[in-house]
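> Under this note's numbering, read the sequence shown as residues 1 to 536, first letter to last.
Note that the Cβ used here is the ideal one computed from N, Cα and C, for glycine as well.
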Amino acid sequence: MHLLGHPAHSLLAKEKRSSDFITVPSSYALLWILGSRPSTNMRKYNLYCCVFATVGSLIYGYDSGIISTTLGQKTFPAYFNNPSDNLIGAIVSTYSGGQGVGNLAGGYLGDKLGRKRTIWLASTLALAGAILQTAAVNMPMFLVGRIIAGFAIGLVYAVASIYNAEIAPPKIRGVMVAMQTLLIATGYALSNWVGVFGSFAKGNAAWRVPLGIQCLPAIILIIGLFWLPESPRWLLMRGRESEAKAIVMKLHGDESGDQTFAESEFNQMKQQIDYEREVSIKSWTQLFTKASNRRRLILGILLQVFLQTTGVNVVNYYQTQIFSSIGIQGRSVLWTSAGFGMIGVISTAICLTYIDKVGRKKPLTYTSIALTIDMILLMVFTKYYANSTNKVGQGFTVAWIFIFSFIFSLGFHPIQLVYIAEIFPTALRSRATAICAFMGTGTGLLFNQLSPKAFAHISWRYYAVFVACDAVAAITFFTFYPETKGKTLEEIAEIFGDDVAFTEYVGAAGNGATVMRKDANHAAAAHEVELPSKEL
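#1: I403 and D374 - do their beta-carbons sit closer together than 9 Å?
#2: Indicate whether M269 and P232 have their beta-carbon atoms separated by less than 9 Å.
#3: Kindly give me the distance between the Cβ atoms of A338 and V209, rounded to whole angstroms, as I take these residues to be in contact under 8 Å.
#4: For a test of the three-state rule: what should DSSP assign to I219, helix, strand or coil?
#5: At which residues does the alpha helix (DSSP H) containing F200 begin and terminate?
#6: Over the uninterrupted alpha helix (DSSP H) stretch that includes K171, give me the two end residues.
#7: Specify whether the stretch 219-234 and the stretch 114-122 touch according to this definition: at least 3 beta carbon pairs, one from each stretch, less than 8 Å apart.
#8: Is L364 closer than 9 Å to G411 when the C-beta atoms are compared?
#9: Would you kindly work out how many angstroms separate the C-alpha atoms of T310 and F447, rounded to a whole number?
#10: Could you check what DSSP says for N448 in three-state terms: helix, strand or coil?
#11: Taking just the CA atoms, how far does G72 sit from L87?
#12: Considering only C-alpha positions, which residue in the set G174, L125, L109, A427 is nearest to I222?
#13: Do M141 and A149 have their CB atoms nearer than 9 Å?
#14: Could you check the C-alpha separation between T389 and A160 for me, to the nearest Å?
#15: Suppose contacts are defined by Cβ-Cβ distances below 9 Å. Is Y384 in contact with G393 by that definition?
#16: How big is the Cα-Cα spacing for F313 and G444?
#17: Measure the alpha-carbon distance for F397 versus F381 and round it to whole angstroms.
#18: Out of I475, L104, Q271, L47, which one is the CA nearest neighbour of A434?
#19: On the CB-based measure, 16 or more other CB atoms within 10 Å of its CB, does V248 come out buried or exposed?
#20: With a CB to CB cut of under 6 Å and the five nearest residues on each side skipped, what residues in its chain are close to N46?
#21: Got a sec, what are the start and stop residues for the alpha helix (DSSP H) P482 sits in?
#22: By how many angstroms is the C-alpha of T260 removed from the C-alpha of Y462?
#23: Which residues in the same chain have their Cβ closer than 8 Å to the Cβ of V418, if we skip the five residues on either side of it in sequence?
#24: Roughly how many angstroms separate the alpha carbons of G442 and G100, rounded to a whole number?
#25: If you draw a straight line from the alpha carbon of Y28 to that of K44, how long is it in whole angstroms?
#26: Could you check if P169 is buried or exposed, using at least 16 other CB atoms within 10 Å of its CB as the buried criterion?
#27: How close, in whole Å, do the beta carbons of N204 and T69 come, if the pair is a contact with beta carbons under 8 Å?
#28: Can you name the start and end residues of the alpha helix (DSSP H) that R295 belongs to?
#29: Can you look up C469 in the DSSP assignment and give me helix, strand or coil?
#30: Express the C-alpha separation of L302 and F266 in angstroms, rounding to a whole number.
#31: Taking the straight line between their C-alpha atoms, what separation do you get for C49 and L225?
#32: For V333, report the span of its alpha helix (DSSP H) as first-last.
#33: With distance defined between alpha-carbon atoms, name the residue in G129, E422, F406 nearest to K171.
#34: Just the C-alpha distance for G187 and E278, rounded to the nearest angstrom, thanks.
#35: Grouping DSSP H, G and I as helix and E and B as strand, with all else coil, what is K250?
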């Protein structure tokens, strides 16, 4: 990108090597797993902040998975006087309903309280929900715990990815945001293994102890958040420039004295946010009234809807029934489910090694094509080998389920979260992400309600719905989704045709500054922009 013959953002394209960046062997190992190098302006403090902020996602994955094994424990229905099928359904749906409300609340609270304090509130509520579920003496108490836990998880899902996107260096932002899905997968896998060992327990401990385990990461997050910084972009929105600059220097600066990269990045953040506040974005309703923002919102909502229509919830929630239908019985079902959960962890970790090299668009497209093929094969093999005695056919049916999980976590699941966190302007990011997450949660809840009846009435034919949706998703990603890798959050605005303020000051005037700006027609010009420090 060049303006008037001078390179713009050249400093942001440089890679520095400094002793202040991650140098200890353990951190090298972690960065190798994440597919990054310590030469990408990534300090270990920045890494630790990103990792720690995603601990709430571990609770999300664990709580989403542990309910299946909880309902499968014989002592659970016995303790609650054998609840009806409708009441069992309420246990699942109240959690999803709370999550949907939490998604929407996260959009408002993320802007009002800040990213950090909203995550802290979510972790506190998650702890309260876990305690209520673990100590429940009747079904109403258990359901209240599920609602609170769902609300907390909705907050975490809506805000944690924004926080990581706003504190991560552009070259490895994909890795930092996608870590959220790695911890979701880890939590889900952990819940499966806890379910296996819980099956050996006696009495009510078989379900109370597994539910209580989720209190531990919530407590860790509540305490640890006191040492995490607030998002510098949120601070700039609130007019707290000095605090924001200090955090950027600490996250991306070089303590040996060279702060060039961090200074340039901070200037870009400040000028774009000030420009949006003074000229471009006057109200969050512009999410709907401005064409470029509507385009972003449609792309984000479609990502969340396509996420649910891949068939992932059907595979996750009904895997035990599928395993049972092909001859896997007793505790072997739990062991198979535990192995299934590990596939997601492994493939998500692989995704993190390439997400900032290959980008977003290609993996979304290719994994959607692969999911389409896998669903076709799963549908065919389920038709011919479910409830049969053909061991080879049954083995392939299980294999297609495992391969589905591998493909889903290899690209679709991590990248959709990264993409949504990247594409919106800072002033709209929290609410826009919340709307997208809410639409995804609503779609998932709809499929959760329809799937039992669909399987009962049309059996294996139900998979055809997901085959069609995955194929449409692949075409949509290939045709309409622009690539965003390697760009700063401010530069991404230009992809969608927005005016952008550049980092390089070319003059000063009064209380403001003359900045370089590029309009939707890519015409560069100098503009006098007043930059008062006032709250949005």
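Per the coordinate set shown:
#1: Taking the first residue of the sequence shown as position 1, residue 374 is located at position 374. Taking the first residue of the sequence shown as position 1, residue 403 is located at position 403. Their beta carbons are under 9 Å apart, which means D374 touches I403 by this criterion.
#2: Position 269 of the sequence shown, counted from the start, is the residue given in the question as residue 269. Position 232 of the sequence shown, counted from the start, is the residue given in the question as residue 232. Against a cut-off of 9 Å, the Cβ pair of P232 and M269 comes out as a contact.
#3: Here residue 338 corresponds to residue number 338 of the sequence shown, with the count starting at 1. Here residue 209 corresponds to residue number 209 of the sequence shown, with the count starting at 1. In fact, because the Cβ distance is near 17 Å, the residues do not count as touching under 8 Å.
#4: Reading the sequence shown from its first residue, position 219 is the one you call residue 219. In the structure shown, I219 sits in a helix (DSSP, three-state: H, G or I).
#5: Numbered from its first residue, the sequence shown carries residue 200 at position 200. Looking at the DSSP string, F200 is not in any alpha helix (DSSP H), and its letter there is neither H nor E.
#6: On the sequence shown, position 171 is the one that residue 171 refers to. Note, K171: premise wrong, no alpha helix (DSSP H); not H, not E.
#7: yes
#8: Working through the sequence shown from its first residue, we reach residue 411 at position 411. Working through the sequence shown from its first residue, we reach residue 364 at position 364. With contacts defined by Cβ atoms closer than 9 Å, G411 and L364 form a contacting pair.
#9: What you label residue 310 is simply residue 310 of the sequence shown in a count that begins at 1. What you label residue 447 is simply residue 447 of the sequence shown in a count that begins at 1. One C-alpha to the other measures close to 11 Å.
#10: On the sequence shown, residue 448 is found 448 positions in, with the first residue counted as 1. Of the three classes helix, strand and coil, the one that applies to N448 here is helix, per DSSP.
#11: Position 87 of the sequence shown, counted from the start, is the residue given in the question as residue 87. Position 72 of the sequence shown, counted from the start, is the residue given in the question as residue 72. If I take the Cα positions, the gap works out to 15 Å.
#12: Taking the sequence shown and counting its residues from 1, the one referred to as residue 222 is at position 222. Here the closest residue by C-alpha is L125.
#13: For the purposes of this step, residue 141 is taken as the residue at position 141 of the sequence shown. For the purposes of this step, residue 149 is taken as the residue at position 149 of the sequence shown. Not closer than 9 Å, so no.
#14: If you number the sequence shown from 1, residue 389 lands on position 389. If you number the sequence shown from 1, residue 160 lands on position 160. Distance between the alpha carbons of T389 and A160: 47 Å.
#15: Looking up residue 384 in the sequence shown gives position 384. Looking up residue 393 in the sequence shown gives position 393. Taking 9 Å as the Cβ cut-off, Y384 and G393 qualify as a contacting pair.
#16: One-based indexing of the sequence shown puts residue 313 at position 313. One-based indexing of the sequence shown puts residue 444 at position 444. Looking at the sequence provided, one finds Asn at residue 313 rather than Phe. Rounded to the nearest angstrom, the two C-alpha atoms are 7 Å apart.
#17: As a first step, residue 397 is located in the sequence shown; it is residue number 397 there, counting from the start. As a first step, residue 381 is located in the sequence shown; it is residue number 381 there, counting from the start. The sequence shown places Thr at residue 397, not Phe. Their backbone Cα atoms lie some 6 Å apart in a straight line.
#18: Translated into the one-based positions of the sequence shown, residue 434 becomes position 434. Ranking I475, L104, Q271, L47 by Cα distance to A434 puts L104 first.
#19: Looking up residue 248 in the sequence shown gives position 248. Classification of V248: buried, given that the 10 Å Cβ count is 16 or more.
#20: In the sequence shown, the residue the question calls residue 46 occupies position 46. Only L251 meet the Cβ criterion.
#21: Residue 482 sits at position 482 when you count from the first residue of the sequence shown. Note, P482: premise wrong, no alpha helix (DSSP H); not H, not E.
#22: One-based indexing of the sequence shown puts residue 462 at position 462. One-based indexing of the sequence shown puts residue 260 at position 260. In a straight line, the C-alpha of Y462 is about 56 Å away from that of T260.
#23: As a first step, residue 418 is located in the sequence shown; it is residue number 418 there, counting from the start. For V418, where only same-chain residues beyond five positions count, the Cβ hits under 8 Å are S161, A165, R173, G174, V177, A178, I355, R360.
#24: Residue numbering aside, residue 442 sits at position 442 when the sequence shown is read from its first letter. Residue numbering aside, residue 100 sits at position 100 when the sequence shown is read from its first letter. So the two alpha carbons sit approximately 7 Å from each other.
#25: Against the sequence shown, residue 28 aligns to sequence position 28. Against the sequence shown, residue 44 aligns to sequence position 44. With a pLDDT of only 42 at Y28, under the threshold of 50, the placement of this residue in the model should not be trusted; the figure read from the coordinates follows. Here the alpha carbon of Y28 sits roughly 10 Å from the alpha carbon of K44.
#26: Position 169 of the sequence shown holds residue 169. Buried, since its Cβ has 16 or more Cβ neighbours within 10 Å.
#27: Position 204 of the sequence shown, counted from the start, is the residue given in the question as residue 204. Position 69 of the sequence shown, counted from the start, is the residue given in the question as residue 69. In fact, because the Cβ distance is near 14 Å, the residues do not count as touching under 8 Å.
#28: Working through the sequence shown from its first residue, we reach residue 295 at position 295. Looking at the DSSP string, the run of the alpha helix (DSSP H) that includes R295 is 291-309.
#29: Residue mapping note: residue 469 aligns to position 469 of the sequence shown, counting from 1. Of the three classes helix, strand and coil, the one that applies to C469 here is helix, per DSSP.
#30: On the sequence shown, position 266 is the one that residue 266 refers to. On the sequence shown, position 302 is the one that residue 302 refers to. When rounded, the distance between both Cα atoms is 32 Å.
#31: For this step, residue 49 is matched to residue 49 along the sequence shown. For this step, residue 225 is matched to residue 225 along the sequence shown. Approximately 9 Å between the Cα atoms of the pair.
#32: Translated into positions along the sequence shown, residue 333 becomes position 333. Start and end: 331-358.
#33: One-based indexing of the sequence shown puts residue 171 at position 171. Cα-wise, what sits closest to K171 is E422.
#34: The count along the sequence shown starts at 1 and reaches residue 187 at position 187. The count along the sequence shown starts at 1 and reaches residue 278 at position 278. So the two alpha carbons sit approximately 43 Å from each other.
#35: Numbered from 1 along the sequence shown, position 250 holds the residue referred to as residue 250. Helix, per DSSP.
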